[in-house]
Amino acid sequence: MLLWLLQKFAPIWQSAPALASGDSRVFLTARTALAAVTSFLFAVLLGPYAIRWLKARFRERVASASEQLNEIQSDKNSTPTMGGLFILAAVLCSVLLWGDLGSRYVQLGLLVALGFGGLGAIDDWTKLNTAKNGLSIRQKLLGQIGIAAVVGVLLYWQHRDQPLGLKLLWPFGEAGVSLGIGFIAWSILVLVASSNAVNLTDGLDGLAGGCMIFAGTAFVALTYLAGHKVLAGYLQIPFMSGSGELTIVLGATVGAVLGFLWFNCYPAQVFMGDTGSLPLGGLIGLAALVTRQEVLLLVVGGVFVIETASVILQVAWFRRTGNRLLRCSPLHNHFLFQGEHEMKIVVRFWIGAALLAIVGVASLKIR
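If you're matching positions, the sequence shown starts at 11 in my numbering and goes up one per residue.
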């Protein structure tokens with residue numbers, strides 16, 4: 011909205027191209043910062059009212075398959091959940107205020123956030139209001155695939171005319187594989203995997219939110235660079251025309267999660283639920299697809315990758331040997347079973363997420 015006003019009425023419009031970033035004509039850097047601050051303030055100010063509303067309607071029910079885990083986390087029973095609703099509200103308001111709604115990348119960002127957020131809300135509602143433990147794995151996966159397929163098709167049409175738009179690139183050097191129409195299937199895989207990875211990490215107070223802040227900030231930088239022709243050329247990364255506008259969505263997301271963490275840090279006053287974790291994972295997956303940095307996503311989102319791998323290995327090892335590789339998966343539960351304090355586990359995972367985000371961004375110059 012404000013972008014439109016600047017374009018129509020700002021007296022400094024004639025000088026805007028000289029001050030712009032990449033091919034975004036109006037103050038992308040400033041709008042990204044303002045989007046982050048706006049969504050943070052919105053989340054912090056809305057938080058107490060949202061938590062009060064959620065507390066009256068949606069309270070966490072600790073009911074995992076592990077009796078020991080249920081006992082350890084028994085004090086979390088009845089904590090308000092579905093806090094992802096006010097994360098998404100903060101992101102949406104901020105993007106509507108500062109984003110270019112005519113940008114295909116902004117539209118895709120909102121589609122991912124609202125699509126996966128809606129699916130997560132249905133899953134949370136089912137868990138809290140029926141005897142079921144949420145949607146079945148099949149139902150949830152089909153829903154994710156459906157949303158991801160729509161995004162994949164739209165992104166394919168957006169990228170097919172860009173020189174490296176459909177190429178899977180190795181982050182070091184210029185090696186890559188052209189995906190062609192297979193880009194759609196690849197997009198589905200990346201979006202579903204990243205969405206579930208953040209969902210699996212969301213098991214301790216502040217864990218997924220803190221790790222998301224570091225990964226999200228890294229992708230704020232990556233989308234900004236990918237949308238800036240000069241900087242992309244300097245770093246020898248794919249220049250994706252117009253992709254800089256996705257920076258607004260990611261900046262708003264980081265700000266909203268920071269605001270949510272104000273209430274979600276130990277001891278949590280509210281949980282994000284699948285309503286929050288699914289869209290957050292989907293957004294960093296989208297950012298990786300847009301910037302053609304899917305391989306780098308494995309580094310920047312390394313904590314999410316490790317958490318997911320721990321679940322897969324646990325299941326595979328148990329089926330093969332009848333024994334457990336970890337005391338409980340995902341990995342953060344293993345440390346919890348060892349008697350580590352929850353806050354110590356969370357902060358150490360944050361440190362790991364921060365280091366991986368730094369390594370991921372720094373690796374751009376190793377070409």
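By construction, the Cβ of each residue, glycine as well, lies at the ideal position given by its N, Cα and C atoms.
The structure presented is a predicted model; accordingly, all values stated were derived computationally and were not measured.
Element boundaries [beta strand (DSSP E), containing residue i]
i	result
S188	G186 to S188
Spatial distance of residue i from residue j (CA atoms)
i	j	result
R69	G57	16 Å
G162	G254	19 Å
R148	I155	10 Å
W23	S113	At W23 the pLDDT is 40, less than 50, meaning the model places this residue with poor confidence; the figure from the coordinates comes in the next sentence. So the alpha carbons of these two residues sit roughly 19 Å apart.
E350	V356	10 Å
S287	G220	12 Å
G144	F249	41 Å
M282	G292	15 Å
L335	F328	7 Å
T257	I223	14 Å
L189	V208	26 Å
I157	V230	23 Å
T91	Y59	13 Å
Q246	G109	27 Å
F314	L98	21 Å
N333	V321	14 Å
D134	I294	22 Å
L79	A326	21 Å
H169	V240	20 Å
A75	W180	39 Å
G261	L290	12 Å
L346	A131	27 Å
W272	G216	9 Å
M353	F359	10 Å
L374	G265	24 Å
I82	L152	32 Å
V330	L176	Strictly speaking, residue 330 in this sequence is Arg, with Val absent from that position. Rounded to whole angstroms, R330 to L176 spans 38 Å at the Cα level.
Coarse secondary structure for residue i, derived from DSSP in three states
i	result
K177	strand
N206	helix
Y166	helix
K239	helix
Y244	helix
M222	helix
G269	helix
Q149	helix
T227	helix
A43	helix
G252	coil
L308	helix
K375	helix
N274	helix
Q154	helix
G192	helix
G261	helix
S74	coil
D171	coil
C338	coil
D85	helix
G57	helix
F37	coil
Bridge-paired residues (DSSP) for residue i
i	result
R69	P90
Residue range of the alpha helix (DSSP H) that includes residue i
i	result
S287	G283 to T301
Y115	R114 to N139
Q390	As shown, the chain starts at 11 and ends at 377. That puts residue 390 outside it, with no answer to give.
R330	G312 to T331
K354	E352 to A372
N343	L341 to F347
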